[in-house]
Amino acid sequence: MEQLKMLWELQELEQEIAQKEEELQGLDSVSEYKRKKKDVAAFQEQVKLKKDELSSDKKEIRRRELELQQITAELNKLREKLYSGEIRSAKELESLEKKVNSLNNDKTALEDRILLLMEKVEGDEAVIEGLEKEEQEETAALQQLKARAQQDVHRLQKEIEQLKMEMEELLAKIDADLLEKYRQLSRYTQGRCISLVKKGFCGICNVSLPSSFRALLLTPGKLVYCESCGSLLVAGD
Ligand SMILES: [Zn+2]
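Laid out in structure tokens, this is it:
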């Protein structure tokens, strides 16, 4: 292949590589996965909080039940004493009765609290069961998104790798001074600076080139530049 034509091919490869690298940075599937990952983490945190609450309620139930046992035992003991007939003093009886009533109130309050907690635990267990199912589904969906994102990344990386290999091959074939010329030119232009001429038009700025350029373009070793955009012209078809 002709040197200039190879130079143009090199430029096109570099453009394609740059485009794919940009694509790699902004992959929709990757940002979708990252978004979902955040959502799932927030959801898991919510499930964990609910579970912690449940476990602390269950602990409180166990604690309150022990308390209830103690109060009940104490109450039974006092009642036994109250109705035993042992105590004769009216004042002492009154005081004991007061104590029994007070303990009985504590017992009722404790029973109410336990009942309330048990109902709450029952409700929360049902809620958590639902949340756990949802969590499983969300995690599975996240895994799918991850697989898709990884697939996209790998595909692009492979494509870039392939293009870079092609680029290396071309670089080995192109004369060093011509390459240097290209690097210099591309420093001043944004994007392409090698123009493939097609049907007498500049491939970059699309201007119609004078017919005298045709012969110049076909002269070996001659570098011809577009008068309009300054790019290096390469004879196309
Ligand atoms: Zn031009």
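Sequential numbering from 1066 applies to the sequence shown in the numbering used here.
We treat Cβ as the ideally placed atom computed from N, Cα and C, and that holds for glycine.
Same chain only: Cβ atoms within 6 Å of residue i, ignoring 5 sequence neighbours per side
i: Gly1301; result: Leu1261, Val1262, Lys1263
i: Ser1251; result: Cys1258
i: Leu1069; result: Val1299
i: Val1272; result: Ser1293
Option in the options with minimal Cα separation from residue i
i: Lys1099; options: Gln1255, Gln1209, Glu1087, Phe1278; result: Gln1209
i: Leu1274; options: Gly1286, Gly1295, Lys1198, Glu1110; result: Gly1295
i: Ala1107; options: Thr1284, Thr1204, Leu1069, Leu1143; result: Thr1204
i: Glu1130; options: Ser1160, Gly1091, Thr1173; result: Thr1173
i: Gln1215; options: Ser1096, Leu1281, Leu1158; result: Ser1096
i: Ile1193; options: Lys1287, Ala1237, Lys1115, Glu1125; result: Lys1115
Boundaries of the beta strand (DSSP E) in which residue i is found, first to last residue
i: Leu1298; result: 1297-1300
Cutoff 8 Å; reference residue i; Cβ partners in own chain excluding five residues on either side
i: Leu1072; result: Ile1239, Leu1243, Leu1244, Tyr1247, Ile1259, Leu1297, Val1299
i: Ser1207; result: The residue you asked about is not Ser; residue 1207 is Leu in the sequence shown. So the qualifying residues of the chain are Tyr1098, Lys1101, Lys1102, Val1105.
i: Leu1235; result: Met1071, Glu1074, Leu1075, Leu1078
i: Ile1225; result: Ile1082, Lys1085, Glu1086, Leu1089
i: Gln1111; result: Leu1196
Extent of the continuous alpha helix (DSSP H) to which residue i belongs
i: Ser1260; result: First-last for Ser1260: 1259-1262, but that is the beta strand (DSSP E), not the alpha helix (DSSP H).
i: Ser1160; result: 1155-1238
i: Glu1081; result: 1068-1090
Residue i, DSSP secondary structure in three states
i: Tyr1253; result: helix
i: Tyr1148; result: coil
i: Ser1273; result: strand
Chain-order list of residues whose beta-carbon lies under 7 Å from that of residue i (same chain, five-residue window excluded)
i: Lys1136; result: The displayed chain sequence assigns Ile, not Lys, to residue 1136. Result list for Ile1136: Leu1168, Asp1171, Lys1172, Leu1175, in chain order.
i: Val1289; result: Phe1278, Leu1281, Leu1282, Leu1298
is_contact[residue i, chain D] using C-beta, thresh 9 Å
i: Ser1121; result: Structure shown: chain D not included; a single protein chain is present.
Measuring from each Cβ to the nearest heavy atom of ligand 1, keep the ones under 6 Å and list them in chain order.
Ser1260, Cys1267, Ile1269, Cys1270, Val1272, Cys1291, Ser1293, Cys1294, Ser1296
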